[in-house]
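In our numbering, the protein residues as written are 23 to 263. Everything on this sheet refers to the single structure shown next.
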């Protein structure tokens, strides 16, 4: 059962979580002041939910396994106008989220992605980098967006994200968000963020098999037909489109 939500925050930060007990203290300590951490427990067998709750995070339980399922549960639980997403494995520093969310907050962008810049070779295995390069190429061909990274650290407005009606609940969720945002005419921007070796073993990109399963999920997203009808542009109060 999900806990009651506290008073509204400036920004909600969705943190999909599966057995991240070792990383959570550092991650939650880096959440910007006044922002709310929403830790979405996706079936952890360690003490992740208890640690997150003890450290002041709002904990949501999503029993259906899948990265997209966890992300969407967090989005549904969010109440702030702007929502950020960030991995919960200490590979990305939540302290940098104000730089990512800034263009969304000031109305100059609709979706901002943190372009990962690995701090060591160990931070981003070769097979995962190659998969990312290929996906960036496919995204460019499908949407025209010249991006370098799918950006697991990202920010956008909550109501606009919900209006995208995302359906993928596995590895394709971040890509479906990007593709549908592009189809809707959103202004998409990248900003560099350091990428550190994660704490613990990756559930997806830690193996060739996991990486290419994710690529297959994402190829299915890229095969979707563009949405028809009027562009569902992100609404930014007080900003001319």
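C-beta: ideal position from N, C-alpha, C; glycine also. Here the structure is a predicted model, which means the values were calculated and not measured.
- Counting C-beta atoms within 10 angstroms of its own C-beta, residue 51 has fewer than 16 neighbours from the protein chains shown and is therefore classed as exposed.
- Inter-residue distance for residue 146 and residue 193 is about 17 Å (C-alpha atoms, whole angstroms).
- Every alpha helix (DSSP H) stretch that sits fully inside the segment 91 to 170 and reaches 4 residues is listed by chain position as 119 to 127 and 148 to 165.
- Here DSSP, grouped into helix, strand and coil, assigns residue 47 to helix.
- A Cβ-Cβ contact shorter than 8 Å links residue 113 with residue 220.
- Taking residue 198 as the centre and dropping the five residues before and after it, the same chain places the C-beta of 188, 190 and 243 closer than 6 Å to its C-beta, in chain order.
- For residue 182, the uninterrupted alpha helix (DSSP H) segment begins and ends at 180 to 185.
- For residue 121, the CB contacts under 7 Å within the same chain, skipping 5 residues up- and downstream, are 213 in chain order.
- A residue is called buried when at least 16 other Cβ atoms come within 10 angstroms of its Cβ; residue 135 meets this threshold and is buried.
- Rounded to whole angstroms, the separation of the alpha carbons of residue 34 and residue 53 is 10 Å.
- Here the C-alpha atom of residue 77 lies approximately 43 Å from the C-alpha atom of residue 247.
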